[in-house]
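S.K.: If you number the first sequence the way my numbering does, the last residue is 215 and the count never jumps.
Below is a structure I'd like to ask you about.
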Amino acid sequence: MRHDFKLEPLPSSFYSQPTLELAEALLGHMLVNVTEAGTSSGIIVETEAYLGESDQAAHSYQKRRTKRTEIMFASPGHAYIYQMHTHHLVNVVSGEAGNPQAILIRAIEPYSGIDLMKQRRPVEKLTNLTNGPGKLTKALGITRADYGRTFFEPPLLITKGIEIKTIARGKRIGIDNSGEAKDYPYRFWVKNNPYVSR
DNA sequence: GTCGAGATTGACT
DNA sequence: GTCAATCTCGACT
Numbered sequence: 018m019r020h021d022f023k024l025e026p027l028p029s030s031f032y033s034q035p036t037l038e039l040a041e042a043l044l045g046h047m048l049v050n051v052t053e054a055g056t057s058s059g060i061i062v063e064t065e066a067y068l069g070e071s072d073q074a075a076h077s078y079q080k081r082r083t084k085r086t087e088i089m090f091a092s093p094g095h096a097y098i099y100q101m102h103t104h105h106l107v108n109v110v111s112g113e114a115g116n117p118q119a120i121l122i123r124a125i126e127p128y129s130g131i132d133l134m135k136q137r138r139p140v141e142k143l144t145n146l147t148n149g150p151g152k153l154t155k156a157l158g159i160t161r162a163d164y165g166r167t168f169f170e171p172p173l174l175i176t177k178g179i180e181i182k183t184i185a186r187g188k189r190i191g192i193d194n195s196g197e198a199k200d201y202p203y204r205f206w207v208k209n210n211p212y213v214s215r
């Protein structure tokens with residue numbers, strides 16, 4: 018645990034940029050979760066954009082509004098969290114209110130509270146701690162209870178991180194049954210970073 | 001009320 | 001490579 022670690026959340030205005038640009042801009046910033054057990058965080062190194070209305074792979078395709086997708090219709094900067102099989106996934110809501118877009122955080126590089134994260138999710142190698150969307154939520158202690166929070170107020174935060182110089186872009190993962198949308202290059206990651214999911 | 005599917009992961013053949 | 005875990009919620013009877 019680093020004791021000089023300051024929580025400097027990115028302002029709500031940061032989220033008011035086009036979803037694909039925001040997905041790229043998030044790389045290098047920090048995903049932070051504050052709990053009773055302590056604070057843990059990591060640098061965002063992999064994201065995927067879901068463009069809602071026009072994106073067959075998105076839960077909000079054709080503005081499909083359900084109990085689960087409801088938060089995507091809110092203003093940007095909210096947390097869209099849902100359970101996938103035995104795991105939770107965390108998304109950053111994007112697009113202005115009424116335009117249901119979101120960005121899935123697929124991987125982070127452990128930064129602070131690493132012992133706490135290992136406690137929640139024991140692993141031998143650090144590179145296996147948060148290199149997947151279900152893995153990072155368990156390591157950070159993010160659950161469905163965090164659904165609907167914002168990323169600019171504690172306990173769940175995205176704070177200013179580092180500048181990323183080399184960004185790679187490619188197809189999204191795990192959406193093979195989504196027609197043409199499965200080939201859209203909406204996945205962004207930090208090139209050569211060992212904590213990316215694959 | 002019942003059924004099925006899913007933006008994943010880990011264990012196993 | 002295959003497969004099951006475990007839970008939310010929409011679609012349907």
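Glycine included, each C-beta is placed from N, C-alpha and C at the ideal position.
Rounding to the nearest angstrom, what Cα-Cα distance links residue 153 and residue 167 in this structure?
M.R.: Whole-angstrom Cα-Cα distance: 18 Å.
S.K.: Quick one: what does DSSP say residue 123 is sitting in, helix, strand or coil?
M.R.: If DSSP states are grouped into helix, strand and coil, residue 123 belongs with the strands.
S.K.: Can you name, in chain order, every residue of its own chain whose Cβ lies under 7 Å from the Cβ of residue 195, other than the five neighbours on each side?
M.R.: The residues are 73 and 74.
S.K.: Closest to residue 25 by C-alpha separation, out of 44, 174 and 202, would be which residue?
M.R.: Cα-wise, what sits closest to residue 25 is 174.
S.K.: Under 8 Å Cβ to Cβ from residue 149, same chain only, skipping five residues before and after it: list those, please.
M.R.: Closer than 8 Å at the Cβ level, and outside the excluded window around residue 149, lie 123, 124 and 214.
S.K.: Among 161, 139, 95 and 80, whose alpha-carbon lies nearest the alpha-carbon of residue 28?
M.R.: If we check each option's Cα against that of residue 28, 95 comes out closest.
S.K.: Apart from the five residues just before and just after residue 169, which ones in its own chain have a Cβ nearer than 7 Å to its Cβ?
M.R.: The answer, listed in chain order, is 26, 27, 28, 29 and 94.
S.K.: In the DSSP assignment, find the unbroken beta strand (DSSP E) run with residue 36 in it and report its ends.
M.R.: Not the beta strand (DSSP E): residue 36 falls in the alpha helix (DSSP H), residues 36-42.
S.K.: From residue 178 to residue 57, what distance separates their C-alpha atoms?
M.R.: Whole-angstrom Cα-Cα distance: 14 Å.
S.K.: So what does residue 26 bridge to, in DSSP terms?
M.R.: 176, per the DSSP bridge assignment.
S.K.: Between residue 176 and the rest of its own chain, which residues show a CB-CB distance below 7 Å, the 5 nearest in sequence each way excluded?
M.R.: Cβ within range, chain order: 24, 25, 26, 27, 46, 47 and 49.
S.K.: What beta strand (DSSP E) runs, 3 residues minimum, are completely inside the stretch 136-176?
M.R.: With a minimum length of 3 residues, the continuous beta strand (DSSP E) runs that stay inside the stretch 136-176 are 173-176.
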